[in-house]
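Colleague: Taking our numbering, the leading residue of the sequence shown gets 9, the next gets one more, and so forth. All C-beta atoms in this analysis are idealised placements derived from N, C-alpha and C, irrespective of residue type, glycine included. Being a predicted model, the structure only gives us computed values, none of them experimental. The following block contains the structure, expressed as structure tokens.
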Amino acid sequence: MAEAHDHEAAMADPRMARFMEADMRRRFLWSLVLTIPAVLYSPLGMNLLRLSLPAPIPPNWILFLLTTPVVFWTGSIFVTGAYRSLRKRVLNMSVLISVGVLAAYLFSVAITVLNAGETFYEAAAMLITFVLFGHWMEMRSRRGTSDALQALFQLVPPMARVVRDGKVVEVPTGEIRRGDVVDLRPGDRVPTDGVVVEGETSIDESLVTGESIPVSKKPGDQVTGGTINQSGAIRFAATRVGAETALAQIVKLVEEAQSSKAPGQRLADRWAQYLVIVAVGAGIITFGVWYALLRESLLVALTFAISAVVIACPDALGLATPTAVAVGTGIGARHNILIKNAATLEQVSRLTAVVLDKTGTLTEGHPRVTDIEGVNGFGAGEALRLAAAAEARSGHPLSKAVLEEAERRGLSTGAEVTGFTNLAGHGVEARVDGRHVLVGTAKLMRDRGVDLASVQAHVNRLLGEGKTLLIVAVDGRAAGVAAAADPVRETTPRAIQG
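Given below as structure tokens:
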């Protein structure tokens with residue numbers, strides 16, 4: 009089967025993947041259209057379903073006309089695949105399918121020409137249609153995975169700014185060399201993996217790691233290609249480029265999973281040569297028993313022999329496993345689940361424990377304000393209003409959470425804001441209605457000389473609950489503390505329990 013359509017190599021090209029999926033879909037649909045009337049005109053349809061269909065020519069000739077294009081057009085990939093395998097003296101699943109199909113078809117043609125009895129046309133047509141459907145599902149899944157991989161590749165910008173000879177020049181991302189210093193500005197996508205050498209910022213790594221809250225970066229920290237720079241301007245030295253990057257390794261992982269074989273599939277391939285012998289042997293033994301021992305006619309003996317060959321061909325064994333692997337890994341990739349290889353997928357049924365990342369998986373991935381406490385004469389509402397006004401120009405998820413909470417409480421954020429500064433990885437500062445407002449981490453407050461004694465009890469309690477904190481300071485004094493958490497998804501309890 010694999011010989012006819014070189015899946016692993018061709019499906020990596022998205023255009024070829026779409027073409028191959030469309031070709032397999034067309035083959036399956038035509039095969040289905042021809043197989044349905046073949047079944048209805050067959051002894052199965054006539055006798056079991058008690059149908060009386062118009063027959064301008066003898067039913068066996070109708071079946072011949074319906075089944076021939078199924079075998080030699082829509083199912084030609086199996087016949088040609090078997091031919092190539094036999095030339096290499098290899099017995100595999102293509103040969104196994106072809107043995108069953110051609111035995112049923114050629115015997116039926118002989119019966120039709122001799123007008124000697126019932127045929128097996130519908131068995132040949134149904135077998136090909138069934139296998140084509142499995143191949144279509146497999147290719148559809150592989151094409152979906154190919155599209156998902158292309159979406160990952162598109163996370164990398166086509167151009168990047170690199171410092172060369174003391175000047176910042178724009179070059180294609182593919183020309184970045186290990187050791188090049190890359191200039192990154194707010195809103196840029198990181199073109200390759202590297203280490204920060206200058207500046208501080210926050211980087212959104214959600215599309216690569218699933219972490220919803222931007223991660224602070226300072227000199228010495230790692231950055232990953234495909235992530236998004238949120239706030240500050242930095243420069244980093246490229247450490248891994250091209251196929252070495254983390255994103256390229258993720259793509260490679262999915263591709264290897266698609267082309268890998270599960271233990272059950274390898275077992276089926278290994279035993280295919282013996283299964284062909286078993287199928288043919290079953291036919292020969294059956295013929296000998298009916299013709300030589302039971303003294304039945306040649307026609308009766310051949311009929312039972314062909315029945316034995318068709319039944320003995322375990323084509324589902326070679327179809328079910330690769331289809332399940334392709335569909336499983338494809339669906340996983342579209343849901344951002346990377347499966348290392350087919351063997352891993354097969355072992356899932358024996359798992360006793362599952363380890364899940366919390367943020368963005370068990371939770372919604374969007375923080376919300378859960379607590380707000382005012383101190384030093386500031387009410388909770390006033391502290392939240394000032395914080396929201398100062399955060400209004402920031403794109404950080406925590407800033408958005410503060411603004412959403414202020415809007416939910418009906419607080420006005422239309423204050424006069426001047427001197428806004430985004431302190432990458434630490435918070436923001438601005439003048440709100442003429443008052444200096446600082447919103448951010450405890451480290452930022454300590455660096456600015458803000459006394460945190462009045463909020464320490466709240467900080468300890470909220471940190472103990474595993475929440476993310478934002479401290480608000482007004483004119484150099486602590487005014488309040490806000491806590492944010494990532495809400496658990498509604499579906500999480502059911503997913504864990506079930």
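Beta-carbon within less than 6 Å of VAL78's beta-carbon, same chain only, minus the 5 sequence neighbours each way: which residues are those?
Modeller: The answer, listed in chain order, is SER39, LEU42, ALA133, ILE136.
Colleague: To which residues does DSSP link ASP379 through a beta bridge?
Modeller: Its beta-bridge partners are ALA491.
Colleague: Considering only C-alpha positions, which residue in the set ASP31, LEU74, PRO64 is nearest to PHE141?
Modeller: The shortest C-alpha separation from PHE141 is found at ASP31.
Colleague: For PRO180, which residues of its own chain have a beta-carbon under 7 Å away from its beta-carbon, when the five flanking residues on both sides are left out?
Modeller: These residues qualify, in order along the chain: PRO166, MET167.
Colleague: If you follow the beta strand (DSSP E) that ILE242 is in, where does it begin and where does it stop?
Modeller: Unbroken beta strand (DSSP E) run through ILE242: 242 to 248.
Colleague: Output the boundary residues of the alpha helix (DSSP H) element that contains LEU73.
Modeller: 67 to 77 is the span of the alpha helix (DSSP H), which, as asked, contains LEU73.
Colleague: So, with DSSP's three-state summary, where would you put THR294?
Modeller: In the structure shown, THR294 sits in a helix (DSSP, three-state: H, G or I).
Colleague: With DSSP collapsed to three states, give me the class of VAL463.
Modeller: DSSP places VAL463 in coil when its eight states are reduced to three.
Colleague: Is the CB-CB distance between GLY448 and LEU470 below 8 Å?
Modeller: In this structure, LEU470 does not lie closer than 8 Å to GLY448 by Cβ.
Colleague: Could you have a look at GLU11 and say whether DSSP puts it in helix, strand or coil?
Modeller: For GLU11, the pLDDT reaches just 44, beneath the cut-off of 50, and the residue's location in the model is therefore unreliable, leaving the point undetermined.
Colleague: Whole angstroms are fine: how far does the CA of ALA90 sit from the CA of PHE36?
Modeller: When rounded, the distance between both Cα atoms is 19 Å.
Colleague: Where VAL297 and ALA309 are concerned, what is the direct C-alpha to C-alpha distance, given to the nearest angstrom?
Modeller: VAL297 and ALA309: Cα-Cα distance of roughly 8 Å.
Colleague: Can you give me the C-alpha to C-alpha distance between ARG514 and LEU392, rounded to a whole angstrom?
Modeller: There is no way to answer for residue 514, as the model of the chain reaches only from 9 to 506.
Colleague: Whole-angstrom Cβ separation of VAL107 and VAL284, contact assumed at under 8 Å?
Modeller: The pair is a contact, with the Cβ atoms about 6 Å apart (cut-off 8 Å).
Colleague: Is it true that the region 472 to 487 meets the region 201 to 209, where meeting means three or more beta-carbon pairs spaced less than 8 Å apart?
Modeller: Counting Cβ pairs under 8 Å, fewer than three are found: no touch.
Colleague: Are there 16 or more other CB atoms within 10 angstroms of the CB of PRO62, so buried, or fewer, so exposed?
Modeller: PRO62 comes out exposed.
Colleague: Taking 8 Å as the threshold (C-beta atoms), are VAL170 and VAL139 in contact?
Modeller: Not closer than 8 Å, so no.
Colleague: Considering PRO180, what are the terminal residues of the alpha helix (DSSP H) in which it resides?
Modeller: Note, PRO180: premise wrong, no alpha helix (DSSP H); beta strand (DSSP E) at 175 to 180.
Colleague: Quick one: grab the DSSP three-state call for SER305.
Modeller: In the structure shown, SER305 sits in coil (DSSP, three-state: anything other than H, G, I, E or B).
Colleague: Can you check which of these residues, ALA280, GLY240, LEU110, is closest to SER315 by C-alpha distance?
Modeller: Comparing Cα positions, the closest option is LEU110.
Colleague: What is the C-beta distance between GLU208 and GLY433, in whole angstroms, given that I count them as a contact (C-beta under 8 Å)?
Modeller: Yes, they are in contact, since the Cβ atoms of GLU208 and GLY433 sit about 5 Å apart, within 8 Å.
Colleague: Could you spell out the range, first to last residue, of the alpha helix (DSSP H) harbouring GLU390?
Modeller: Per DSSP, GLU390 belongs to the alpha helix (DSSP H) from 388 to 399.
Colleague: Touch check for the region 124 to 132 and the region 70 to 85: three-plus C-beta pairs under 8 Å?
Modeller: Flag = yes, the region 124 to 132 and the region 70 to 85 touch.
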